[in-house]
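First the structure, in the form of structure tokens, and then the observations on it.
There are 2 protein chains.
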Amino acid sequence: MRMIQADCEVEYDGRGHTNLARGIRVILIKDDGTVIIHRTTGVKPVNYMGSVIDFTEYDDTDNNAHIIIARSKKETLTLICHSMIVDLRLPSVNDDSDFDQNGTERQQQEWLSRNFSETFGDDCSFIMREFNTGDGSCDLLGIDDNGNAVLIEVKRKAVKKDVYQVIRYGDAVRRAFTDRKHSILDQIPGDYSLSIFAHPRLILASEKINKGVEVECHSHGVEFIPTGSQWRNDSVPAEIARKNVNNASIIRETSESSDKQSLFNDDDDE
Amino acid sequence: MRMIQADCEVEYDGRGHTNLARGIRVILIKDDGTVIIHRTTGVKPVNYMGSVIDFTEYDDTDNNAHIIIARSKKETLTLICHSMIVDLRLPSVNDDSDFDQNGTERQQQEWLSRNFSETFGDDCSFIMREFNTGDGSCDLLGIDDNGNAVLIEVKRKAVKKDVYQVIRYGDAVRRAFTDRKHSILDQIPGDYSLSIFAHPRLILASEKINKGVEVECHSHGVEFIPTGSQWRNDSVPAEIARKNVNNASIIRETSESSDKQSLFNDDDDE
DNA sequence: TCATCCATGTCGGAT
DNA sequence: ATCCGACGTGGATGA
Chain U
213 MRMIQADCEV EYDGRGHTNL ARGIRVILIK DDGTVIIHRT TGVKPVNYMG SVIDFTEYDD
273 TDNNAHIIIA RSKKETLTLI CHSMIVDLRL PSVNDDSDFD QNGTERQQQE WLSRNFSETF
333 GDDCSFIMRE FNTGDGSCDL LGIDDNGNAV LIEVKRKAVK KDVYQVIRYG DAVRRAFTDR
393 KHSILDQIPG DYSLSIFAHP RLILASEKIN KGVEVECHSH GVEFIPTGSQ WRNDSVPAEI
453 ARKNVNNASI IRETSESSDK QSLFNDDDDE
Chain X
213 MRMIQADCEV EYDGRGHTNL ARGIRVILIK DDGTVIIHRT TGVKPVNYMG SVIDFTEYDD
273 TDNNAHIIIA RSKKETLTLI CHSMIVDLRL PSVNDDSDFD QNGTERQQQE WLSRNFSETF
333 GDDCSFIMRE FNTGDGSCDL LGIDDNGNAV LIEVKRKAVK KDVYQVIRYG DAVRRAFTDR
393 KHSILDQIPG DYSLSIFAHP RLILASEKIN KGVEVECHSH GVEFIPTGSQ WRNDSVPAEI
453 ARKNVNNASI IRETSESSDK QSLFNDDDDE
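Protein chains in written order, with the numbering used here: chain U, 213 to 482; chain X, 213 to 482.
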């Protein structure tokens, strides 16, 4: 890992083409070749490149510049460094530690599969998750008492576009029905007829919902069903923070009103 | 800007919840409060947080740990640092330099507006860009010789989902027609009747196309039109690299076969 | 390799 | 503030 702060220009060429005019940025070069360039604000890097195949590093004495070129199979990232303010090479370490993640749509989907009839109605029973419609996979597949398939798309926050995702799944299974494409049944546990896809029920299920989504649902024959947030509580891990904060002495603390700037740079030496 | 390398645990709580077990990572804390935590590989940070309102920093002497807590309105990021290997506070700089980007859909859209009939046919003339359908804005609006609106969605790479984006725009303008919603015409230069939206032509235009998209188009009455890549050539900026690489002396150079690892850390002192 | 979909998506623009 | 769609989206997963 290499940590650089440099006064530099950056050019990227590949899927697109970008030019970043001269200025001071922070550059990370990881041991796997990944290059990440950050400006002074924002979460996302202004430039970056992964899958680097080779590096070339020049000293352009004529222009008094240090040049770093990273190449991947189809891309090139060029840094013209007019001055290297910091250039720190850190020992390589490998980090195979666990990263646990909660509150994902996957967990929401799993929770709903275990709370199916409670959420979607007693006339409706769960069949499977990740049902392949032939045109993308639907989060949940169920069947109602009329023998119609129930296609459910799960979102943490539903937007209008999602309504069309469900419509698309409906189109796909109806086409499987009219085309007598029996292979779509192979993935389904149990013994079902293709006719369950003649008139599928379409459901969009979500925790939060954007304005206008219910109207969009209604005008396209899609049911909207709120899921609540209960699913989040089922798998919250122990918080590491609480057990450490006790007995700790505060070194520095800021609030919204204070000058944030002064905290992170060396302009304010205490 | 603060650049840290630390042996740390990380917990995030907010929209989701994550726990990262102990290990060595690089942490950037920007002057705007943004925190970015990188592992040893990959482009994306393992943890991050923007819109930070306040920081709290502890020394937990009991556990011999340094604790940094960043809070935004609805989120908390906690770092338990068991050792601070590097903790560099860099002077704040402001960087208002230009960042030019090319090869965007926006440019493709603009190019198509200037090459409209060549691309979409002589029976078809351009009206405007970014036409608000009432349910999302369509990239290009034109009109054909039959007096029907032509709704065009532009993509660099078309996928099946995009077909439904166009369908949705078609739904919206037809609804405007049946509902006699004349206000949709306000944004259109020139004098048109609502009836142009009775039977809109729907077009998906793209440079690249995924398998199955044309079939999806055909089965939903959407036309697919390839745009080519000509639009990319209209706005390629001068390459800054070429003019600098001449007369430069190579310091170090790697190729695919060499040991990349050795380039970026200090295991190989030359 | 290609296609699909989620993401603590982030970000910018419009309403 | 919310809504909306692009992104050099990245990354994982399944065919």
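Even for Gly, the Cβ is constructed at its ideal location relative to N, Cα and C.
{"Check": "Can you give me the Cβ contacts of residue 224 (chain X) inside the same chain, cut-off strictly under 6 Å, excluding the 5 residues immediately before and after it?", "Outcome": "230, 259 and 289"}
{"Check": "With a threshold of 9 Å between beta-carbons, can residue 408 (chain X) be considered close to chain U, or not?", "Outcome": "no"}
{"Check": "Which residue's Cα is closest to the Cα of residue 347 (chain U): U:293, U:311, U:387 and U:336?", "Outcome": "U:387"}
{"Check": "In or out: residue 412 (chain X) buried (at least 16 other Cβ within 10 Å) or exposed?", "Outcome": "buried"}
{"Check": "Could you tell me whether the Cβ atoms of residue 271 (chain U) and residue 265 (chain U) are closer together than 9 Å?", "Outcome": "no"}
{"Check": "Let me make sure I understand the geometry here. Which of X:337, X:349 and X:418 has the alpha-carbon closest to that of residue 361 (chain X)?", "Outcome": "X:337"}
{"Check": "Just verifying my parser: in three-state terms, what is the DSSP assignment at residue 445 (chain X)?", "Outcome": "helix"}
{"Check": "Just the chain X side, please: which residues come within less than 7 Å of residue 258 (chain U) by C-beta, in chain order?", "Outcome": "311"}
{"Check": "Among U:246, U:298, U:247 and U:261, which has the Cα closest to the Cα of residue 218 (chain U)?", "Outcome": "U:298"}
{"Check": "The beta strand (DSSP E) that contains residue 417 (chain X), what's its start and end?", "Outcome": "413–421"}
{"Check": "Can you list, in chain order, the residues of its chain with a C-beta nearer than 6 Å to that of residue 295 (chain X)? Leave out the 5 residues immediately preceding and following it.", "Outcome": "219"}
{"Check": "How about residue 304 (chain U): is its C-beta nearer than 9 Å to some C-beta of chain X?", "Outcome": "yes"}
{"Check": "Between the stretch 233–248 of chain U and chain X, which residues of the former have a C-beta closer than 8 Å to a C-beta of the latter?", "Outcome": "233, 234, 235, 236, 237, 238, 240, 241, 242, 243, 244, 245, 246 and 248"}
{"Check": "Taking Cβ-Cβ distances below 9 Å as the criterion, which residues of the stretch 363–395 of chain X are in contact with chain U?", "Outcome": "368, 372, 373, 375, 376, 377, 379, 380, 383 and 387"}
{"Check": "Nearest-angstrom Cα distance between residue 397 (chain U) and residue 404 (chain U)?", "Outcome": "7 Å"}
{"Check": "Are there 16 or more other CB atoms within 10 angstroms of the CB of residue 438 (chain X), so buried, or fewer, so exposed?", "Outcome": "exposed"}
{"Check": "Can you tell me the Cβ-Cβ gap for residue 253 (chain U) and residue 246 (chain X), rounded? I've got them flagged as a contact below 8 Å.", "Outcome": "7 Å"}
{"Check": "Quick one: does the C-beta of residue 280 (chain X) sit closer than 8 Å to a heavy atom of the ligand MN?", "Outcome": "For the ligand MN, the structure offers nothing, since it holds no ligand at all."}
{"Check": "Buried or exposed: where does residue 367 (chain U) fall if 16 or more other Cβ atoms within 10 Å of its Cβ makes it buried?", "Outcome": "buried"}
{"Check": "What three-state label does DSSP hand residue 361 (chain U) in the structure shown?", "Outcome": "strand"}
{"Check": "Would the stretch 371–390 of chain X and the stretch 317–326 of chain X be scored as touching if the rule is three or more Cβ pairs under 8 Å?", "Outcome": "no"}
{"Check": "When the Cα atoms are used, what is the spatial distance from residue 238 (chain X) to residue 232 (chain U)?", "Outcome": "24 Å"}
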